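Here our numbering is used: the first residue of the sequence shown is 1, the next is one more, and so on.
What follows is a set of notes on a single structure, which appears directly below.
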Amino acid sequence: MSVEIAIFLAIASGFAGFVDAIAGGGGLIQLPSLIIALPNKELPLILGTNKVPSIFGTTAAARNYFKNIKPDIPLTLTMMFPAFIGSMAGAALAASIPVAFFRPFIVLLLILVATYTWRKPDLGMAENLKFTHKKRLLIVALIGFSIGFYDGIFGPGTGTFLVFFLVSVIGYAFLRASGTAKLVNIATNAGAILSFQLTGHIWWQLGLLLAFANVMGAVIGSRMAIRGGSVLVRKVFLLITFLLITRVAWDTFIS
Numbered sequence: 001m002s003v004e005i006a007i008f009l010a011i012a013s014g015f016a017g018f019v020d021a022i023a024g025g026g027g028l029i030q031l032p033s034l035i036i037a038l039p040n041k042e043l044p045l046i047l048g049t050n051k052v053p054s055i056f057g058t059t060a061a062a063r064n065y066f067k068n069i070k071p072d073i074p075l076t077l078t079m080m081f082p083a084f085i086g087s088m089a090g091a092a093l094a095a096s097i098p099v100a101f102f103r104p105f106i107v108l109l110l111i112l113v114a115t116y117t118w119r120k121p122d123l124g125m126a127e128n129l130k131f132t133h134k135k136r137l138l139i140v141a142l143i144g145f146s147i148g149f150y151d152g153i154f155g156p157g158t159g160t161f162l163v164f165f166l167v168s169v170i171g172y173a174f175l176r177a178s179g180t181a182k183l184v185n186i187a188t189n190a191g192a193i194l195s196f197q198l199t200g201h202i203w204w205q206l207g208l209l210l211a212f213a214n215v216m217g218a219v220i221g222s223r224m225a226i227r228g229g230s231v232l233v234r235k236v237f238l239l240i241t242f243l244l245i246t247r248v249a250w251d252t253f254i255s
């Protein structure tokens with residue numbers, strides 16, 4: 001791999017970490033950059049390598065959030081474990097199920113997410129918890145497994161989906177949802193890495209190089225989100241959701 005490609009991927013990974021730390025959606029930047037820069041590599045290897053910088057950057061962002069926003073530990077752990085299992089299952093199937101099969105459904109879901117959030121300007125501005133505590137635990141376990149499976153088999157938009165469901169279904173404010181999503185995202189990345197490593201689909205040298213850049217971006221992004229609060233996170237969330245719609249729709253219907 002040339003120095004120019006390595007620099008390009010490092011810059012993309014740093015920006016991906018920055019964006020992902022605020023509202024999710026870093027895979028919108030990082031995964032396509034890997035696909036473009038490594039056209040001769042098989043998709044499972046690219047997907048597996050992509051998870052390495054993601055888990056380092058997400059962990060750095062989660063640490064910043066954890067110091068400033070205290071998460072609901074039982075709820076977060078209840079969401080993390082099924083997310084880990086779901087991600088392992090998705091990664092195990094990544095080589096056998098064409099990603100194109102999921103894309104039309106992802107486009108539709110993202111459009112619904114963007115429309116719902118746009119039409120409710122007060123959504124996620126303040127915490128308004130729904131359901132009983134037991135019911136919330138059951139709901140987040142199901143959400144965790146489903147989004148974890150998606151993250152393992154494809155990935156872009158995982159953080160965005162986590163934030164949306166924590167805000168719209170559970171009733172979190174955007175800032176707390178983003179912090180919780182980072183912790184859950186660590187579990188989905190870990191599950192995928194374990195599964196991809198078992199099949200030899202991780203390029204560790206490249207993944208660790210990109211991890212450094214991703215962490216730098218994640219630290220800056222999470223600090224900015226904490227200062228800007230839910231208002232900033234909501235704005236970035238809507239922007240990333242729109243870009244995800246554009247990107248996935250292009251891959252599905254045009255390219």
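Each residue gets a CB set at the ideal place from its N, CA and C atoms; glycine is no exception.
Note that the coordinates shown come from a computational prediction; the quantities given were computed from them, not determined experimentally.
Stretch-stretch touch, CB-based, cutoff 8 angstroms, three pairs: the region 188-203 with the region 133-141: Taking a contact to require three or more Cβ pairs closer than 8 angstroms, the region 188-203 and the region 133-141 do not qualify as touching.
Alanine 62 beta carbon less than 8 angstroms from that of valine 236: By the CB criterion at 8 angstroms, valine 236 and alanine 62 fall outside the cutoff.
Proline 71 to asparagine 40 span [Cα, whole Å]: Going from the Cα of proline 71 to the Cα of asparagine 40 covers about 42 angstroms.
Given glycine 90 as reference, the closest of Leu208, Tyr65 and Phe149 once Cα atoms are compared: Of Leu208, Tyr65 and Phe149, the residue nearest in Cα terms is Phe149.
Closest residue to valine 52 among Arg103, Glu42 and Val215 (Cα-Cα distance): In terms of CA proximity to valine 52, Val215 leads the group Arg103, Glu42 and Val215.
Residue of Leu28, Gly14, Ala21 and Phe8 minimising C-alpha distance to leucine 243: Leucine 243 has its Cα closest to that of Leu28, out of Leu28, Gly14, Ala21 and Phe8.
Spatial distance of glycine 25 from isoleucine 245 (CA atoms): Cα to Cα, glycine 25 sits roughly 11 angstroms from isoleucine 245.
For tryptophan 203, three-class secondary structure by DSSP: Coil, per DSSP.
Which listed residue (Trp203, Leu38, Pro44 and Asn64) has its alpha carbon closest to that of alanine 21: Distance check between alanine 21 and each of Trp203, Leu38, Pro44 and Asn64 places Asn64 closest, using alpha-carbon atoms only.
Identity of the residue in Gly155, Glu127, Thr117 and Ser168 nearest leucine 239 by Cα: Nearest of Gly155, Glu127, Thr117 and Ser168 to leucine 239, Cα basis: Thr117.
Neighbour-count burial assignment, leucine 108, 16 or more Cβ in a 10 Å radius: With fewer than 16 other Cβ atoms within 10 Å, it is exposed.
Extent of the continuous alpha helix (DSSP H) run through valine 113: Where valine 113 is concerned, the enclosing alpha helix (DSSP H) stretches over 103-119.
Cβ shell of arginine 234 (< 7 angstroms), same chain only, five flanking positions each side left out: Non-local C-beta neighbours of arginine 234 in its own chain, meaning closer than 7 angstroms and more than five positions away in sequence, comprise Gly124 and Phe174, ordered along the chain.
Status (buried if at least 16 other CB within 10 Å, exposed otherwise) for glycine 14: Buried is the label assigned to glycine 14, since at least 16 other Cβ atoms lie within 10 Å of its Cβ.
Spatially closest choice to phenylalanine 131 from Ala213, Leu75 and Ile220, by CA coordinates: Ranking the options by Cα distance to phenylalanine 131, first place goes to Leu75.
Best match in Ile106, Pro32, Gly171 and Thr59 for proximity to aspartate 122 [C-alpha to C-alpha]: Nearest of Ile106, Pro32, Gly171 and Thr59 to aspartate 122, Cα basis: Gly171.
Cut-off 8 angstroms between Cβ atoms - residues of its own chain near phenylalanine 84, not counting five sequence neighbours on either side: Gly148, Ala187, Thr188, Ala190 and Gly191.
8 angstroms Cβ cutoff met for phenylalanine 196 and glycine 48: Glycine 48 sits close to phenylalanine 196, with the two beta carbons spaced by under 8 angstroms.
Alpha-carbon to alpha-carbon, phenylalanine 145 and valine 163: Between valine 163 and phenylalanine 145, the C-alpha separation is close to 15 angstroms.
Residue environment, isoleucine 153, which counts as buried when at least 16 other CB atoms sit within 10 Å: With at least 16 other beta carbons inside 10 angstroms of its own, isoleucine 153 counts as buried.
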